[in-house]
Structure formats: C-alpha cells, structure tokens
Amino acid sequence: DNLGSGGLAAGLDTEGRLTAATKKADRHEYTHKHPDTGAKITGEQLVFWEDVVDLALTAHSVTTDVYFVGWDIAWTNDGPKIIEANVGWGEDVLQIPGSRPLGAKFCDLIEVIRSAEGNADAPKLPQTHKNLSQKSQRN
Numbered sequence: 014d015n016l017g018s019g020g021l022a023a024g025l026d027t028e029g030r031l032t033a034a035t036k037k038a039d040r041h042e043y044t045h046k047h048p049d050t051g052a053k054i055t056g057e058q059l060v061f062w063e064d065v066v067d068l069a070l071t072a073h074s075v076t077t078d079v080y081f082v083g084w085d086i087a088w089t090n091d092g093p094k095i096i097e098a099n100v101g102w103g104e105d106v107l108q109i110p111g112s113r114p115l116g117a118k119f120c121d122l123i124e125v126i127r128s129a130e131g132n133a134d135a136p137k138l139p140q141t142h143k144n145l146s147q148k149s150q151r152n
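Taking my numbering, I'd label the letters of the sequence shown as residues 14 to 152.
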C-alpha cells in the first residue's frame, strides 16, 4: 500500500516467490535486496502461499457482482487473514514490477468471464489454486 509513497513493490511468480523489486518512480531500476535492511527480496518464498491463494479464492467465490477484486491479505502468526477487498485494486500498479503487462493469461481469464456471462455452458472459472497451477502448466 505504500508504493505510491516511495515504497517498494516486488512481483510474485505462481509459486509464491518474489521477483526483483522496484519503486513506482523508478520503473526500470530493480533491486534484489531491501535498500534499508539489506534483506534478500528476489527468490524469497512467501510462507503459507497456497493458504493465501486459497483464502482469496474462497473469499472471491462468495463475491457475486464483482469479477476482479484486489484482496489485501496479511501474514499473521495464525496464518493469512483478509484485511480488505478492493474493487479498484491497482491493476496498473501490478504491472510495474517486472515492467510487463498482465499478459495473455489475464486476457484469457477475461474471455472466460465474458463467455460465462452469456452462456450457461461456458467454461467455469477455476475454483482452487491447484486448478490454476495445473492450467498454467498446460499452457
């Protein structure tokens, strides 16, 4: 939430590992370590990653009128907890780490949603992180 105030943002791969970080104002300058603490960023594995994804997907499954939600999830001593849901979730900001668009998989997801709106027999959205991982491995 502090990217707009000069904070860092790192991307995530599908397995929950961090990519290099950047600042909003420095889109093409990347760091692999935190500039203040020296803590490693790139390649760090987020704990409870599958639990976080499953929590977001479960929460989203009961969201009926919104297709895209940015779930703010905190890591706690008791596991991941939802802080808030954002309809305006900053998809533009999501593209800053790595300087690349969300890509074809995101576009494919939009097409699945559009198809489902007009056709009861259209493909359904994946319901679990495991389904998402299996689908991405086939592509």
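Using N, Cα and C, we set each Cβ at its ideal position, and we do this for glycine too.
Practice task
Within the segment 42-112, note down every full beta strand (DSSP E) run reaching 3 residues or more, in order along the chain.
Solution key: Listed in chain order, the complete beta strand (DSSP E) runs (minimum 3 residues) inside the segment 42-112 are 83-89 and 92-99.
Handout entry: Pairwise C-alpha distance: Gln58 and Lys46
Key = By one-based count along the sequence shown, residue 46 stands at place 33. By one-based count along the sequence shown, residue 58 stands at place 45. Each residue's Cα considered, the two are about 14 Å apart.
Problem - Whole-angstrom C-beta distance between Trp88 and Ala69, which should lie under 8 Å - result: Here residue 69 refers to the residue found at position 56 when the sequence shown is read from its first residue. Here residue 88 refers to the residue found at position 75 when the sequence shown is read from its first residue. Taking the Cβ atoms as the reference, Ala69 lies roughly 13 Å from Trp88, outside the contact range of under 8 Å.
Handout entry: Proximity below 7 Å, CB of Lys37 to CB of Leu16
Key = Residue numbering aside, residue 37 sits at position 24 when the sequence shown is read from its first letter. Residue numbering aside, residue 16 sits at position 3 when the sequence shown is read from its first letter. Yes; because the gap between Cβ atoms is below 7 Å, this pair is in contact.
Practice task
Would you check if the distance between the CB atom of Thr44 and the CB atom of Ala34 is smaller than 7 Å?
Solution key: Within the sequence shown, numbered from 1, the residue matching residue 44 stands at position 31. Within the sequence shown, numbered from 1, the residue matching residue 34 stands at position 21. Against a cut-off of 7 Å, the Cβ pair of Ala34 and Thr44 comes out as a contact.
Practice task
Taking all protein chains shown into account, decide if Ala52 is buried (16 or more other Cβ within 10 angstroms of its Cβ) or exposed.
Solution key: In the sequence shown, the residue the question calls residue 52 occupies position 39. Classification for Ala52: exposed.
Practice task
Report the residue from Gly56, Gly101, Arg30 and Ile54 whose alpha carbon sits nearest the alpha carbon of Tyr80.
Solution key: For this step, residue 80 is matched to residue 67 along the sequence shown. Nearest option by C-alpha distance: Gly101.
Problem - Neighbourhood of Asp64 by C-beta, 7 Å cutoff - its chain only, sequence neighbours within 5 removed - result: One-based indexing of the sequence shown puts residue 64 at position 51. If we look at Asp64 and ignore the five residues flanking it on each side, its Cβ neighbours are Gly92 and Pro93.
Exercise for the section: Find the nearest neighbour of Ile86 within the set Thr71, Gly56 and Ile54, judged by alpha-carbon distance. Expected result: Locating residue 86 in the sequence shown gives position 73, counting from the first residue. For the residues Thr71, Gly56 and Ile54, the minimum Cα distance to Ile86 belongs to Thr71.
Practice task
Could you give the DSSP three-state label for Gly19: helix, strand or coil?
Solution key: Stepping through the sequence shown from its first residue, residue 19 is reached at position 6. Three-state result, Gly19: coil.
Handout entry: Delimiting residues of the beta strand (DSSP E) encompassing Ala34
Key = Here residue 34 refers to the residue found at position 21 when the sequence shown is read from its first residue. First-last of the beta strand (DSSP E) with Ala34: Leu31 to Lys36.
Exercise for the section: Kindly list the residues whose CB is nearer than 6 Å to the CB of Asn99, restricted to its own chain and excluding five residues on each side of it in sequence; keep chain order. Expected result: As a position in the sequence shown, residue 99 is number 86, starting the count at 1. Excluding sequence neighbours, Asn99 sits near Gly83.
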